[in-house]
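Protein chains in written order, with the numbering used here: chain S, 3 to 349; chain E, 1170 to 1394. First up is the structure itself, then whatever we jot down about it.
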Amino acid sequence: MPVLAAGLSIGEYLRSLVRRLAFLAAVLVLAIWAIGGQGYFWPAWVWLGLGVVVLLDSAGAWAWRQPRGAVRRVACVWALVGVGAVILTCTWLLTWRLAGVESFWPAWALLGLATAGSAYSLIALHDRVLVARGRRALRARIEMLTRTRSQAVDAQAVELRRIERDLHDGAQARLVALTLQLGRAELRTQELPEVRALIQDAQREAHHAIAELRDLARGIVPPLLADRGLVAAVESLAGRYGLGTAIEATHCESLAPAVESAAYFVIAEALTNSAKHAGAGRTWVRLRTGRRVLVVVVGDDGSGGADPYGSGLAGLRARVEALDGSLSVDSPRGHGTLVEARLPCGW
Amino acid sequence: MRVVIAEDLALLREGLVALLRENGIDVVAQVEDGPGLLRAIGGHRPDLAIVDVRLPPTFSDEGLQAAIEARRRQPALGVLVLSQYVETAYASELIGENSAGIGYLLKERVGDVRAFLDALYRVAAGGTVLDRQVVTQLMASREGIDTDSLLALTARERDVLELMAEGRSNAAIAETLIVTPGAVEKHITNIFAKLQLSNCGDHHRRVLAVLAYLRVARQPARGRL
């Protein structure tokens, strides 16, 4: 079948057949009119009929190509309106040319058709327009929330580091100065044991306060992280756990403070779990920046079976998700644990 | 003894200067940043530099870097680094290859004036003084792995080891812990046996033993880097 071989469906084949037959019929009536002695040009009416068939076919096919639902229904209505308008206009043309009718009688009918089509479109597409507008508004809102959240997270990280600095230069320094003054005073009270004991008590209190502030500051930003960046802080961390952790790090410079802190605390928590619960013999940390994402992988060969929704890991997940990141924990019993965090970062 | 002080917080700097001067120590220069420290040691040739880890402009570890550079320029210079927190990483960097004339103490140790002055003299004389927190961190670091040797240390033995890291003599340790010198010696023998650190007889070598341990403890972290 040559038609099918050309890649046409049955429907398309039928449509091209209708067009050819219409063309043939048009030529045929012209010939009959010519042979039959001409006179009143009646084939024009046959042409109009044939044209309407072909037009209906094309308009119907166009309407059918539109997306399903309201849009297709509206397209069908407009196809009918269009065909109707063509019929009316052509009929008027013929009556004007062939019968000499002067007035444009289809005017009101055309206006009615256009009004009906518009009214239908308005009703049918009303919801769609609203939904589209709603979606646009939602998208804008999501973009704004994403932007402001990331600004808030960044601002928070910067603010935390500022607080740590302020603690260091402010309260901690003053307390150190205080112990220094107390120490100087103590040296002058050799003959006053009661005063000396009071001063020593005061010094002990100051020491406690300093130690508490130090722990507080360390919880905010570990000093090595603030001073030397992520890789140095992780090395120190690994050293502290003494697990013989292998560290691989590529392109981890100039990360945003929020990303750095999140990565650090993920690694700290994962290594703590490895040391405390997994009985791991070997641990490893891999840090890699890919396209706009920092990938942190912490693995061990311990006993596995970590609860991904336990409090420690849940806290980390919240921290990572606040940065639009993701955290996955793979910990089959007896086959080690793999914690992977993906943190979007700015380049 | 001639001393240079590098500390950016005026309150502390002035307190330190007053403390040292009233105890007969000659403060020849007070500076606020790393470059200032290097200029001062070049100009004044002091015996000792007391340096804060965090100095302007970066407020990270400028003081540490300046102290290392100062030691490179004047190997005989004693350097006492003060910090509000202790990092064993910083201790290893500061010590480098040569632990003579190095001190690394928490800032609040200045409150114990006698011990602090003692530490100053020992560092200026080429001794080594490490804050007892360095030892505490090392202990914490080994938990979970080297249980045989480290968790085997008793609380009292840890106290002794921490004071040893500060370079204190047996008599000073005994006085601090309120025990007899004989008891301290017994503890030290036990510590060396448990940590497998042999032949660490004299005063300075005991700190070296802690340092050796510090280096060993940090090695695994650099594993396959």
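Built from N, CA and C at the ideal position, the CB exists for glycine as well.
Quick one: residues in its chain with C-beta nearer than 8 Å to the C-beta of G1 of chain S, no 5 flanking neighbours on either side, listed in chain order? Only positions 3 to 349 of chain S appear in the structure, and residue 1 of chain S is not among them; the question remains open.
Nearest-angstrom beta carbon gap, N1192 of chain E and L1286 of chain E [assumed within contact, 8 Å]: 6 Å
Mind the definition here: the region 323-340 of chain S touches the region 1201-1221 of chain E only if three or more C-beta pairs lie below 8 Å; say whether that holds. no
Give the list of continuous alpha helix (DSSP H) stretches no shorter than 4 residues that lie fully inside the region 1261-1315 of chain E. 1282-1293 and 1301-1311
Please state whether DSSP places V103 of chain S in a helix, a strand or coil. coil
Using a Cβ-Cβ cut-off of less than 9 Å, give me the residues of the region 179-199 of chain S that come near chain A, in sequence order. Considering every chain present, this structure includes no chain A. Its protein chains are S and E.
Closer than 9 Å between beta carbons: that is the criterion. Which residues of the region 1256-1267 of chain E meet it against chain S? E1256, T1257, A1258 and Y1259
Give the single residue among S:L115, S:L50 and S:I37 whose Cα lies nearest to the Cα of F25 of chain S. S:L50
For a contact meaning CB atoms closer than 7 Å, what does D1281 of chain E contact in chain S? G185
Please state whether the Cβ-Cβ distance between L1183 of chain E and G1203 of chain E is less than 8 Å. Inspection of the sequence shows that residue 1183 of chain E is occupied by Glu rather than by Leu. No, the Cβ-Cβ distance between E1183 of chain E and G1203 of chain E is not below 8 Å.
Can you list, in chain order, the residues of its chain with a C-beta nearer than 8 Å to that of R2 of chain S? Leave out the 5 residues immediately preceding and following it. Outside the displayed range of chain S (3 to 349) lies residue 2 of chain S, so it cannot be described from this structure.
Please list the residues of the region 1320-1337 of chain E that have a C-beta atom closer than 7 Å to any C-beta atom in chain S, keeping them in chain order. none
Where does R350 of chain S fall in DSSP's three states? What is shown of chain S runs 3 to 349, which leaves residue 350 of chain S out entirely.
Helix, strand or coil at A251 of chain S [DSSP, three-state]: strand
Quick one: residues in its chain with C-beta nearer than 6 Å to the C-beta of D1177 of chain E, no 5 flanking neighbours on either side, listed in chain order? E1201, L1224 and P1225
On the three-pair Cβ rule with 8 Å, is the region 206-215 of chain S touching the region 243-260 of chain S? no
Within this structure, are the beta carbons of Q68 of chain S and A77 of chain S separated by less than 8 Å? yes
In three-state DSSP terms, what is A1218 of chain E? strand
Is the beta carbon of V297 of chain S sitting closer than 8 Å to the one on P346 of chain S? no
In terms of residue numbering, what span does the beta strand (DSSP E) encompassing P346 of chain S cover? T339 to P346
Hey, would you say L1181 of chain E sits closer than 8 Å to V261 of chain S, going by beta carbons? no
In the structure shown, what three-state DSSP assignment does T285 of chain S receive? strand
To the nearest angstrom, how far is it from the Cα of S1268 of chain E to the Cα of R335 of chain S? 47 Å
Between the region 148-179 of chain S and chain E, which residues of the former have a C-beta closer than 8 Å to a C-beta of the latter? R167, H170, D171, Q174, A175, R176, L177, V178 and A179
On the criterion of 16 or more Cβ atoms from any shown chain inside 10 Å, does W286 of chain S qualify as buried, or is it exposed? buried
R290 of chain S at chain E interface by Cβ criterion, 8 Å: no
For D1221 of chain E, which option in E:Y1254, E:V1353, E:I1347 and E:R1242 has the closest C-alpha, if you only look at C-alpha atoms? E:Y1254
Hey, how far is the Cα of V131 of chain S from the Cα of L100 of chain S? 46 Å
Can you find at least 3 beta carbon pairs, one from the region 77-88 of chain S and one from the region 103-118 of chain S, that sit closer than 8 Å? yes
Considering just the uninterrupted stretch of the alpha helix (DSSP H) at Q1199 of chain E, what are its terminal residues? It is not in any alpha helix (DSSP H) - Q1199 of chain E instead sits in the beta strand (DSSP E) that spans D1195 to V1200.
Measuring CB to CB, does T1257 of chain E end up less than 8 Å from V1303 of chain E? yes
Buried or exposed, going by whether 16 or more other CB atoms sit within 10 Å of the CB of V1337 of chain E? For the record, residue 1337 of chain E in the displayed sequence is Arg; it is not Val. Buried, by the Cβ-count rule.
Give the DSSP-derived three-state secondary structure of L1249 of chain E in the structure shown. strand
Does the distance from the C-beta atom of R1283 of chain E to that of E1331 of chain E stay below 8 Å? no
By Cβ distance, which residues of its chain are closer than 6 Å to E250 of chain S, with the 5 residues on each side in sequence left out? R288
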